[in-house]
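A quick write-up on the structure given underneath.
Chains as they are written, first to last, in the numbering used here: chain A, 852 to 1112; chain B, 9 to 360.
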């Protein structure tokens, strides 16, 4: 029996239990496909190690931001970017361990696109932080209200552009490969993408009438995040199913937390 | 509950990974040619499928599988299925009892193409369902009894996963089907894409994650330190719930929460068009931050209002009432933090 994805990940990362390591090594001697998976995992790790350090991708930032909000009142959470990044890194490492090789590759492209969104929104949050907030920007002069509003709107537009690029790429893959799903699942995914599109349209319409509305701005970004997340999960499922590993697809449901990762 | 054979045909071609092609534009031409080849095969598969329709009209053929293996009282049991239901129940003893029924309405010969693999290791039993033929339409329904303290990880692609009276850690996942968990004191995760999630008397020492894309997520008697719940269009209905942290995200689904708030608990709810209704069963004080673009915000509890209103006079229709409000309010000692955000959904807080 083949080692499962998690075990191969751990083996490739040299973090598998010593007792299991020997079994996996023996299996790899005889199994070309598993050897290939391990080789791909190591290649991804090697390439990843050469990448420039970036700020958190938006999906992870969203989850982190949520966790920080929830924790802030009761716990001393990381306030500086180094600690935030460390927390983020731990989350990403865990998420990556749970993803398939193909899923990693597909998600990587979207995450790269989304990174800039996270950066922009982090900047935006800092700009909007009240003067009483304990932040490094507290000493900076507060922007004039009109200028601040324009800045927020510009950031929103920029974030929208990045989301749209990420969504476009993911949609191309998802639309082309819908046939791998059974009709019920395909219909469910399409229907729910349409639900999110409708929500995005509503948020945009609201912003046309009230460009400075914070609930409308937040809603638009939340809906973009939801769409990116659902498309990423859809692509991950497609990859699993294309490998002929339908059971593996169920595992990817772990990633189906379209409402924020 | 039918398996779609074209999946394996396409996979068998070794088609270039989409992601890899996307990363390397120079492969685009090759990928395009390959795509044409895949499309031709798909068309062929579709034509075969039409000719194949008759085979599902025959009488149901079944084949039974039965096996008992030693796991140990606190071992880990894993089961993966492609098409068919999985029912796992906690029982006495050290053994795992696996009963399975393969079903098809095609020829009886198809049943042999599906193998049930049982891997036994100390403290661990894994069951996998292997479809060796590309065109079978065989489903396998599993009924499993495990030692009640065992940990269970059950996954299906198309089928309902039901776990009952298992005391160890439980994860239940499916793509197309329902998740049902009852009397599971260490539930970690319950997830589906197209189906409902029903949790009864489930608890978790740590974080519990439950989600569905389109189905209803319903939980009764749920107790966990932290709950992370999500849907796109499905409703989230929680009754007799108790948790220190709650995070609910939905796009069009509504949330109904009936239960207590924990002192110093943290509750975050975010939905676009769904409504939010909290029916609180305790006197725990809370600090409420609620935002909605066009939905109304109403609290039947006597709250002390803080900063209320919006940037638009049109939306100032009275503190905490009417559409389009941002409200900050405190009830009692304000020990719990409640953050609720909707775009058009109404927000209602009342007491049971």
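Here a beta-carbon is modelled for each residue, glycine too, at the ideal position from N, C-alpha and C.
It should be emphasised that the depicted structure is a prediction, and the values quoted were computed from it without experimental measurement.
Residue 350 of chain B CB to nearest chain A CB: under 9 Å?
yes
Spell out whether any CB of chain A is found under 9 Å from the CB atom of residue 85 of chain B.
no
Just the Cα atoms here: how many angstroms apart are residue 218 of chain B and residue 236 of chain B?
6 Å
Distance cutoff 9 Å, beta carbons only. Does residue 893 of chain A sit that close to anything in chain B?
No, residue 893 of chain A lies away from the interface with chain B (no Cβ there is under 9 Å from its Cβ).
How far does the beta strand (DSSP E) with residue 274 of chain B in it extend, from its first residue to its last?
Where residue 274 of chain B is concerned, the enclosing beta strand (DSSP E) stretches over 263-279.
Hey, could you find the ends of the beta strand (DSSP E) residue 133 of chain B is sitting in?
132-139
Any idea what DSSP makes of residue 1072 of chain A, helix, strand or coil?
helix
From the DSSP output, in three-state form, read off residue 1061 of chain A for me.
coil
Give a yes or no on contact between the region 1061-1078 of chain A and the region 344-357 of chain B, applying the rule of three or more CB pairs nearer than 8 Å.
Yes: the two stretches touch, three or more of their Cβ pairs being nearer than 8 Å.
So which residues of chain A does residue 243 of chain B contact, with C-beta pairs closer than 8 Å?
By Cβ distance, chain A contributes nothing, its closest Cβ being about 13 Å from residue 243 of chain B, past 8 Å.
Can you look up residue 1034 of chain A in the DSSP assignment and give me helix, strand or coil?
Correct three-state label for residue 1034 of chain A: helix.
Own chain partners of residue 220 of chain B with C-beta closer than 6 Å, once the 5 adjacent residues on each side are dropped:
200, 205, 239 and 242
Residues of chain B with CB closer than 7 Å to the CB of residue 1074 of chain A, please, in chain order.
For residue 1074 of chain A, the neighbours in chain B by C-beta distance under 7 Å run, in chain order, 259 and 280.
Could you check where the alpha helix (DSSP H) with residue 879 of chain A kicks off and where it finishes?
869-881
Tell me which residues of the region 284-308 of chain B have at least one Cβ-Cβ distance to chain A shorter than 7 Å, keeping chain order.
Against chain A - using a Cβ distance shorter than 7 Å - the residues of the region 284-308 of chain B are 299, 300 and 301.
Kindly list the residues whose CB is nearer than 7 Å to the CB of residue 865 of chain A, restricted to its own chain and excluding five residues on each side of it in sequence; keep chain order.
Once the five neighbours on either side are set aside, residue 865 of chain A has no close Cβ partner at all.
Excluding the 5 residues preceding and the 5 following residue 203 of chain B in the sequence, name in chain order all residues of the same chain whose CB lies nearer than 6 Å to its CB.
185, 186 and 223
Between the region 187-208 of chain B and chain A, which residues of the former have CB atoms less than 8 Å from a CB of the latter, in chain order?
With the criterion set as a beta carbon lying under 8 Å from some beta carbon of chain A, the members of the region 187-208 of chain B are 197, 199, 200, 201 and 202, in sequence order.
If you draw a straight line from the C-alpha of residue 116 of chain B to the C-alpha of residue 181 of chain B, how long is it?
30 Å
Short CB-CB distance (under 9 Å) between residue 133 of chain B and chain A
no
Does DSSP classify residue 1026 of chain A as helix, strand or coil?
helix
Might you give, ordered along the chain, the residues of its own chain that have their beta carbon closer than 6 Å to the beta carbon of residue 93 of chain B, omitting 5 neighbours on each side?
Within the same chain, residue 93 of chain B has close Cβ partners 149, 167 and 168.
Buried or exposed (CB count within 10 angstroms, at least 16 for buried), residue 70 of chain B
With fewer than 16 other Cβ atoms from the protein chains shown falling within 10 Å of its own Cβ, residue 70 of chain B counts as exposed.
Please report how far the alpha carbon of residue 207 of chain B lies from the alpha carbon of residue 226 of chain B, in whole angstroms.
6 Å
Between which two residues does the beta strand (DSSP E) carrying residue 214 of chain B extend?
211-219
Assign residue 106 of chain B to one of two classes, buried (16 or more other C-beta atoms within 10 Å of its C-beta) or exposed (fewer than that).
buried
Can you find at least 3 beta carbon pairs, one from the region 1019-1034 of chain A and one from the region 1050-1068 of chain A, that sit closer than 8 Å?
no
What is the residue span of the beta strand (DSSP E) that residue 196 of chain B lies within?
Residues 195-199.
I want to see whether chain B comes within less than 9 Å of residue 889 of chain A, judged by CB atoms only; does it?
no
Establish whether the CB of residue 912 of chain A and some CB of chain B are separated by less than 9 Å.
Reliability of the predicted coordinates at residue 912 of chain A is poor, the pLDDT of 49 falling under 50, and no value is obtained from them.
Compare the C-beta of residue 1081 of chain A against all C-beta atoms of chain B and say whether one is closer than 9 Å.
Interface with chain B (9 Å Cβ-Cβ cutoff): residue 1081 of chain A is included.
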